[in-house]
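Participant: To start, I am sharing the structure in question, which I have written as structure tokens.
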Amino acid sequence: MAAGTALLYDEEMTKYKLLWVDPACKIEVPERLTVSHEALVRTGLAARCVSIAVREATDEEILLVHSEEYLEAVKKTPYMTLEDLMAFTQQYGDVYFHPNIYHCAKLAVGATLQLVDSVMTGRVRNGIALVRPPGHHSQKSAASGFCIFNNVAIGARYAMQKYGAKRVLIVDWDVHHGQGVQYCFEDDPNVLYFSWHRYEHQNFWPNLRESDYDSVGKEKGAGFNINVPWNKVGMENSDYLAVFFHVLLPVAYEFCPDLVLVSAGFDSAIGDPEGKMCATPDIFAHLTHLLMNLAGGKLCAVLEGGYNLTSLAQSVCQTVQTLLGDPAPLPADLGGPCESVLKSIHCVRSAHKQYWSCLKYTADLPASELSAKSLKVAEQKTGNEPEAQEQRSPEEIVWPEPPKRLCPPVRTAVALPEGVACPDACKRCSSAEAPSSLVLNRIRGDFFKESEDKVTLTALCDLIALLERMAKNEVRNGLALVQDVSMAMVCVMQHAPTSLTNRVLLVCVGDGCVPTRITEDGKTLLVHISSTEAQGQKSKHCVPVCLRKGCSDVAGFMQAVLGLLLPLGYEYNPGLVLLVRMPGSGVCESVWQQLAGLLQGLAQGHTLVLMQENETASAGPTASALLGSPAPMLGLLGNLLSEDLEALETLRNTLQADWKLLQVNACQQN
Ligand code: Q9C
Ligand code: ZN
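All residue numbers for the sequence shown refer to my numbering, where the first residue is 16 and numbers rise by one.
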């Protein structure tokens, strides 16, 4: 299994700049690259990456996307006078040329292709290319928006042609619409292009009608172009996550890409003068994490925009640190998405419901939404809706530096019955030194009033010892095989250090009795996925999810995980994730690994997995997921049962009053 993170950077790409006065272009400066790279070096992240040399792209590679005429025209720019360059620049929008930009543009494409090579050949697992000029606005025969050649679009074609990638997902989290990428793959069902972008009802650059949610792709490519317009500035972390949970991730898992390319622009982060958004740099740790289990982990991030140098450097570091496998920071204080984003989410989901079975049960849009479209452009233009952000210049916006991310020395500890081999690279945990005799006596008192079962008692003590190490951040996550998972979960809730148990996300997979009384004090949020209709109470903290075909139904299971469990988990923000596999759960191994992988975005990676002691064959695959190996691809998911979809929608409807991150529809009154 491929490991390692590639870093592609060449100082040469800092060697062009704007040579005349142009307010639209003055933000695109060489320092964007130097500060990003220096931050990676300063934090020690660069040294942890595999450095790969950058090369120039060939003509043939550039022609995968661009026209011969355009390439020939750009080829002449190194020999132009300043006057000629200015005149040449005039024919395009918001872009500038420089005698050295053609050279840099070839390096930017070349770096992208070197990254694709490294990932597709398995030399590394994933990676990032820090490049200038960016690419996503450039088109077949046009430069645009600081972009000369379309790095990511060429990368996608290259991966398909050279490595036979059948499906490529492009996630464009830059704050601008990558219209160049959209045009390139509009009618191509093998490339799924997702972009969110500042739009403001077409009042924001590039002011295109086709950037709206109803551009879904053409002909065979219908359904494979997803636009999420931001119609207001000031979007926050929960807005971004809501779009991931309710639009991108379900569709991406259904699409099942062989490769994920990220148009990684960081002008969508706080402080950026172009984006004027409020999402903090640490959100990119989560966005990255949430994509890292697609395509067997094959992810290539390629820099696009990002114009606040502080915010840019922090965001790049958050992304790289996540690619390297460090645990994401706590996603603090997520409220729900704002009303404007809920409208966008609802619009996108309903525009795509005919193409994706995960969206099939999306409520229809109110007629008012569809007919009001053209009016809104006019409405917005009256300008009587002042934005809070507009008052402050982006240079004045301050935000706390992202906290140092935890990195416990032991990634995965295991507590296993005697005779079960310790999976590779895990640390066996025993209660030899801990827990204290006090804890031991409490456990004895709780579970062994009558008889003393030495073996079980020791196993429970091992488990608590493991959690004590987790609380001290000596261990990130753990796996325990136990005699009785129900007893073990109760033991954890009662005897693990309170710093972990103040808020526990308890995820139970498979049929069986879960002691729901442990949800009564509000310190546990239980999500129980099974095939049996819940007997007991449902409440804000007790969420039974019933799938008719049980946990072996991959499509239904993933729908529940992405659309329900993850938003609940992120909003709850636990200190510990307790993932329990009930005996005979029927969950297939790769789905289980996906789940274990995705949940590690929570609780700073503090996940404890409990399984029945006879499930020894699953210890290895589970440990591997906990160690950060990407889950194997799930393949095409198959059809969702309509009754499951309906049941999940009903569940969402009842829970969304308490959990705002579950919402997918705008208020009907608006
Ligand atoms: N307010 C990228 O982020 N518009 N390109 C500038 C000045 C052009 C952005 C208007 C923005 C292009 C890759
Ligand atoms: Zn941008």
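Beta carbons: idealized from backbone N, C-alpha and C, even for Gly.
The structure presented is a predicted model; accordingly, all values stated were derived computationally and were not measured.
Residues with a Cβ closer than 5 angstroms to any heavy atom of the ligand Q9C, in chain order?
Facilitator: Those residues, listed in chain order, are A39, D109, P149, G160, F161, H191, W220, E319 and G320.
Participant: Where in the region 268-310 do unbroken runs of the beta strand (DSSP E), each at least 3 residues long, occur, reported from the N-terminal end onward?
Facilitator: Counting only runs of 3 or more, we get 274-279.
Participant: May I ask whether a heavy atom of the ligand ZN can be found less than 7 angstroms away from the beta carbon of E289?
Facilitator: Checking every heavy atom of the ligand ZN against the Cβ of E289, one is found closer than 7 angstroms.
Participant: Determine the DSSP secondary structure at V413, reduced to helix, strand or coil.
Facilitator: Coil, per DSSP.
Participant: With a threshold of 8 angstroms, are at least 3 pairs of Cβ atoms found where one atom belongs to the region 156-166 and the other to the region 176-185?
Facilitator: They do not touch, by the three-pair rule.
Participant: Measure the C-alpha to C-alpha separation of G350 and V679 and round it to an integer number of angstroms.
Facilitator: Whole-angstrom Cα-Cα distance: 14 angstroms.
Participant: My assumption, with CB atoms under 8 angstroms, is that Q329 sits in contact with V500. Please give the rounded CB distance.
Facilitator: With a Cβ gap of about 41 angstroms, Q329 and V500 do not count as contacting.
Participant: Taking three-plus beta-carbon pairs below 8 angstroms as touching, is the region 483-495 in contact with the region 616-636?
Facilitator: Result yes; three or more Cβ-Cβ pairs closer than 8 angstroms.
Participant: Indicate, with yes or no, if the ligand ZN has a heavy atom lying under 7 angstroms from the CB of G280.
Facilitator: Correct: G280 has its Cβ closer than 7 angstroms to the ligand ZN.
Participant: Return yes when the Cβ of T547 is within less than 8 angstroms of the Cβ of L541, no when it is not.
Facilitator: No, Cβ-Cβ distance for L541 and T547 is not below 8 angstroms.
Participant: Looking at the ligand ZN, does it come within less than 7 angstroms of D189, judged from the CB to the closest heavy atom?
Facilitator: It does: the Cβ of D189 is within 7 angstroms (strictly closer) of some heavy atom of the ligand ZN.
Participant: Going by other Cβ atoms of all chains shown within 10 Å of its Cβ, with 16 needed for buried, is A611 buried or exposed?
Facilitator: A611 is buried by the Cβ-count criterion.
Participant: Closer than 7 angstroms to a non-hydrogen atom of the ligand COA - does that hold for the CB of D37?
Facilitator: Questions concerning the ligand COA fall outside what the structure shown contains, since the ligands it does hold are the ligand Q9C and the ligand ZN.
Participant: Examine the Cβ distances between the region 126-138 and the region 307-325 and report whether three or more of them are shorter than 8 angstroms.
Facilitator: At 8 angstroms Cβ cutoff, the stretches touch.
Participant: If you draw a straight line from the C-alpha of A18 to the C-alpha of L642, how long is it?
Facilitator: Answer to the nearest angstrom: the Cα atoms are 11 angstroms apart.
Participant: Nearest by alpha-carbon distance to R140: which of T471, G340 and G320 is it?
Facilitator: Per the Cα distances, G340.
Participant: If you run the structure through DSSP and keep just helix, strand and coil, what is K442?
Facilitator: Strand, per DSSP.
Participant: At a cut of 8 angstroms, does the region 505-513 reach the region 579-586 through at least three beta carbon pairs?
Facilitator: The region 505-513 is not in contact with the region 579-586.
Participant: Anyone know if the C-beta pair for Q129 and V65 falls short of 8 angstroms?
Facilitator: Their beta carbons are not under 8 angstroms apart, which means Q129 does not touch V65 by this criterion.
Participant: So which of R213, A257, L207 and M175 has the shortest CA-CA distance to K233?
Facilitator: Closest option to K233, Cα to Cα, is L207.
Participant: What is the DSSP secondary structure of L22, counted as helix, strand or coil?
Facilitator: In the structure shown, L22 sits in a strand (DSSP, three-state: E or B).
Participant: How many angstroms separate the CA atom of S605 from the CA atom of L651?
Facilitator: Looking at the two C-alpha atoms, the distance is approximately 13 angstroms.
Participant: Take every Cβ of the region 352-364, pair it with every Cβ of the region 228-248, and state whether three or more of those distances are shorter than 8 angstroms.
Facilitator: Result yes; three or more Cβ-Cβ pairs closer than 8 angstroms.
Participant: Taking 8 angstroms as the threshold (C-beta atoms), are H152 and G195 in contact?
Facilitator: Cβ atoms of G195 and H152: closer than 8 angstroms.
Participant: Beta-carbon within less than 6 angstroms of G653's beta-carbon, same chain only, minus the 5 sequence neighbours each way: which residues are those?
Facilitator: Result list for G653: A570, in chain order.
Participant: Enumerate in chain order the residues of its own chain whose CB-to-CB distance from E400 is below 8 angstroms, with the five nearest sequence positions on each side excluded.
Facilitator: The pLDDT assigned to E400 is 41, lower than 50, so where the model puts this residue is not dependable; a value taken from the coordinates is nonetheless given after this. Around E400: no qualifying Cβ.
Participant: Using 8 angstroms as the threshold, is the region 467-487 in touch with the region 429-444, meaning 3 or more CB pairs across them?
Facilitator: With the cut-off at 8 angstroms, the region 467-487 and the region 429-444 touch.
Participant: If the criterion is Cβ atoms closer than 8 angstroms, does the pair E289 and I42 meet it?
Facilitator: In this structure, I42 lies closer than 8 angstroms to E289 by Cβ.
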